[in-house]
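**Student:** Residue numbers (my numbering): 2 to 496. Where is the CB? At the ideal position from N, CA and C, for every residue including glycine.
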Amino acid sequence: MKKLLLALAIAAIAAGYYLYDKLTGYREVEFCIAVTNDIGRVPGLLPRAVTAIKEASRSCGGDIVIIDNGGLFAMTAADRIARREASLELPEAHFLAAGGYRFINLSPDVFLLGPQTVRRFLRSSGAAVLTDNLHGIGGGKRLEQNGLSLALYGLTAAPEAPLMPPALFDGMTFDNPFAGGSRPHDGEPADFSVLTLRADLADLSTRFGVEPSDVLLSLHTRFPHLSLVVMNDRFPAALVPDTAGGTRFIALDRKGAALSLTRVRMIKHDTGMRGVVVSLDTYPLALDKVAPDAPTRDVAAAFDRALNRAKERVIGTPWFTLELAASRKGDTVAARFLHETLLAAAAAAGKSAELSIALTPVSSYRHEPGTALTLGGIDALVPVDRHPVLATLSGSRLADLLQGAWERYPDMAASLFPLYYTVQPDGVFRFADGRFDPDRDYTVVMDGRIADLLAGGDEGGTLLRQVLPSTLGELFARGIPSKLSYQFSPLWKSE
2 MKKLLLALAI AAIAAGYYLY DKLTGYREVE FCIAVTNDIG RVPGLLPRAV
52 TAIKEASRSC GGDIVIIDNG GLFAMTAADR IARREASLEL PEAHFLAAGG
102 YRFINLSPDV FLLGPQTVRR FLRSSGAAVL TDNLHGIGGG KRLEQNGLSL
152 ALYGLTAAPE APLMPPALFD GMTFDNPFAG GSRPHDGEPA DFSVLTLRAD
202 LADLSTRFGV EPSDVLLSLH TRFPHLSLVV MNDRFPAALV PDTAGGTRFI
252 ALDRKGAALS LTRVRMIKHD TGMRGVVVSL DTYPLALDKV APDAPTRDVA
302 AAFDRALNRA KERVIGTPWF TLELAASRKG DTVAARFLHE TLLAAAAAAG
352 KSAELSIALT PVSSYRHEPG TALTLGGIDA LVPVDRHPVL ATLSGSRLAD
402 LLQGAWERYP DMAASLFPLY YTVQPDGVFR FADGRFDPDR DYTVVMDGRI
452 ADLLAGGDEG GTLLRQVLPS TLGELFARGI PSKLSYQFSP LWKSE
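Below you can see the structure in the form of structure tokens.
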């Protein structure tokens, strides 16, 4: 009898709460926001992430919005070329579809796959592009979730976009999301607004003078009603104190892959008033011990096998030795090869360059003369394949650029052709060539990573003229020359 009375009492309380809820118009709603970052940068992690996301979705009762914040692709030069040459099912697209992703925040490096491959990837993935500063395909999205209106946005700081050919973006454009003149989004505020942000705050500060406080001001100006910001970097604690009633900032692990799950509890009134956040609880989900999703694992494995076969294609037989072990000790055949290719790339674009600046990797790689070089061998010569850039530089700016490249890339050798100079033990460049004039302007073709040090704009003694349409890796893939055309004489040496 007592148990029956207790059950009746509980039922009465529940009925009373239900009637009260109906009369007042208030109800409690729960849902989840899951965000991944750099998942594709760790080999074999995509299948594990699918399993983790499916488990998180079940724990949220299916009321979950899943977003990728970039870093989904990890491509060497040979990988990218093989992906564009072969119509392969991209495992990254399968991953997004299998995980139930709704949205993706794109970064410019994805477009190195080519516009057709990018569009095929998006169609296969089923994910919509959130990136608000990618015009032509991206932008904020709104959806209904359990009677709540959700607004979702994405931003990607994209300093490399101006150093990529416009044709890659197929009419789309990346703008600087933190430039002046930002204005608030039009439209009614949503019950809950979330922004995913991909940016390196330290890089923005040192290279462009955009401080974290500037970024924060831009966010609040452009999106004045944000409830949650999930980013791959961390604002200084003094700028974003964790106080009730404000925007919650969640920083993912910027040094590795991350999956973050945020549970949101809200109170919503039926009259259309904006919902009130009761709690936001965030949990980082470990991926290293999660069992991989079998179908995704099989797709990724099949893709890797096909990619490896594609990279076995022979691209040429050079009759000169390519050795990278001594790159920082003086003029090398490998450096000459890169310089010659840069000058040829400028000539193919109808431009005549006076000088070239190349970055030669330092590694144990050695390719013997007279042996075939495969597509996969490109990775040793251009581990980071960027588009060469044609620019006008003053002699003094040129010296500063070489100095900066020598310091920025300690595992590479920055070299100039055809002026003679020396590099002291402390890395200081000294020109010993009577043709060098610090006050003269030079037309220079350079490796895209060198151009990246120019901060992507016109500044004292610098004018970017043209981004060349083919990368060094793409030029190599079309055929490695059997011999070099330049006569060999020492151009530079380390003291």
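Under 8 Å, with one C-beta from each stretch per pair, do the segment 314 to 326 and the segment 285 to 299 reach the 3-pair mark?
**Tutor:** The segment 314 to 326, when compared against the segment 285 to 299, does not touch it at the 8 Å Cβ threshold.
**Student:** Going by DSSP, what residues sit across from Cys33 in a beta bridge?
**Tutor:** Ile65 and Arg264
**Student:** Just the C-alpha distance for Pro419 and Ala239, rounded to the nearest angstrom, thanks.
**Tutor:** Straight-line spacing of the CA atoms in Pro419 and Ala239 works out to 51 Å.
**Student:** Starting from the C-beta of Ser125, find all residues in its chain whose C-beta is less than 6 Å away, skip the five residues before and the five after it, and write them out in chain order.
**Tutor:** Ala94
**Student:** Can you tell me whether Asp176 is helix, strand or coil according to DSSP?
**Tutor:** coil
**Student:** Can the beta-carbon of Gly257 be found less than 8 Å from the beta-carbon of Asp39?
**Tutor:** yes
**Student:** Check whether the Cβ atoms of Ala381 and Pro411 lie closer than 8 Å to each other.
**Tutor:** no
**Student:** Kindly identify the DSSP beta-bridge partner or partners of Met232.
**Tutor:** Leu198 and Ala252
**Student:** Tell me whether the segment 162 to 170 and the segment 192 to 202 touch, counting them as touching only if at least three CB pairs, one residue from each stretch, are closer than 8 Å.
**Tutor:** no
**Student:** Would you check if the distance between the CB atom of Arg367 and the CB atom of Leu485 is smaller than 8 Å?
**Tutor:** no
**Student:** Measuring CB atoms only, is the segment 259 to 270 touching the segment 136 to 145, in the sense that at least three cross pairs come out at less than 8 Å?
**Tutor:** no
**Student:** Do the CB positions of Leu344 and Val446 come within less than 8 Å of each other?
**Tutor:** yes
**Student:** Please state whether DSSP places Gly458 in a helix, a strand or coil.
**Tutor:** The pLDDT assigned to Gly458 is 46, lower than 50, so where the model puts this residue is not dependable; a value taken from the coordinates is nonetheless given after this. In the structure shown, Gly458 adopts coil according to DSSP, grouped into three states.
**Student:** Helix or strand or just coil, what does DSSP make of Glu189?
**Tutor:** In this structure, Glu189 counts as coil in the three-state DSSP scheme.
**Student:** Can at least three beta-carbon pairs, one atom from the segment 68 to 76 and one from the segment 276 to 293, be found at a separation below 8 Å?
**Tutor:** no
**Student:** Taking all protein chains shown into account, do 16 or more other C-beta atoms lie within 10 angstroms of the C-beta of Ala53, making it buried, or fewer, making it exposed?
**Tutor:** buried
**Student:** Taking C-beta to C-beta, are Leu123 and Phe175 nearer than 8 Å?
**Tutor:** no
**Student:** Taking the alpha-carbon positions, what's the Leu417 to Ser357 distance?
**Tutor:** 6 Å
**Student:** Excluding sequence positions up to five away, which residues of its chain have a Cβ less than 6 Å from the Cβ of His226?
**Tutor:** Pro190 and Ser194
**Student:** Looking only at C-alpha atoms, which of Ser483, Asp204 and Arg223 sits nearest to Ala373?
**Tutor:** Ser483
**Student:** Leaving aside the five residues before and after Tyr443 along the sequence, list all residues of the same chain whose C-beta is less than 8 Å from its C-beta, in chain order.
**Tutor:** Glu355, Leu356, Thr393, Leu394, Ser395, Gly396 and Leu399
**Student:** When we look at the beta-carbon of Arg479 and count the other beta-carbons within 10 Å, is it buried (16 or more) or exposed?
**Tutor:** exposed
**Student:** Identify which residue in Arg81, Pro293, Gly140 and Ile379 has its Cα closest to the Cα of Gly45.
**Tutor:** Pro293
**Student:** My understanding is that Gly474 touches Asp386, with C-beta atoms under 8 Å, so please give their C-beta distance in whole angstroms.
**Tutor:** 4 Å
**Student:** Which stretch, first to last residue, makes up the alpha helix (DSSP H) that contains Lys352?
**Tutor:** It is not in any alpha helix (DSSP H) - Lys352 carries neither H nor E in the DSSP assignment.
**Student:** Whose CA, out of Thr132, Pro470 and Ala99, lies closest to the CA of Lys55?
**Tutor:** Ala99
**Student:** When the Cα atoms are used, what is the spatial distance from Val51 to Gly41?
**Tutor:** 12 Å
**Student:** If you check the beta carbons only, do Arg314 and Thr248 fall under 8 Å apart?
**Tutor:** Against a cut-off of 8 Å, the Cβ pair of Thr248 and Arg314 comes out as no contact.
**Student:** Could you name the residues of the same chain whose beta carbon sits closer than 7 Å to that of Leu476, not counting the 5 residues immediately before and after it, in chain order?
**Tutor:** Thr342 and Ala346
**Student:** For His95, which of helix, strand or coil comes out of DSSP?
**Tutor:** helix
**Student:** Return the chain-ordered list of same chain residues with a C-beta closer than 7 Å to the C-beta of Arg431, the five sequence neighbours on each side being excluded.
**Tutor:** Tyr422, Thr423 and Gln425
**Student:** Using 10 angstroms around the beta-carbon of Val216, count the other beta-carbons present and answer buried if the total reaches 16, otherwise exposed.
**Tutor:** buried
**Student:** Is it buried or exposed, Ser365, if we count other Cβ atoms within 10 angstroms and call 16 or more buried?
**Tutor:** exposed
**Student:** Below 8 Å on the Cβ atoms is my contact criterion, and I expect Ile67 with Tyr102 to pass it. Report the Cβ-Cβ distance as a whole number of Å.
**Tutor:** 5 Å
**Student:** Drop a sphere of 10 angstroms on the beta-carbon of Thr132, count the other beta-carbons inside from all chains shown, and report buried for 16 or more, exposed for fewer.
**Tutor:** buried
**Student:** Alpha carbons only, please: which of Met413, Ala303, Ala348 and Cys61 is nearest the one belonging to Ala335?
**Tutor:** Checking every option, the nearest Cα to that of Ala335 belongs to Met413.
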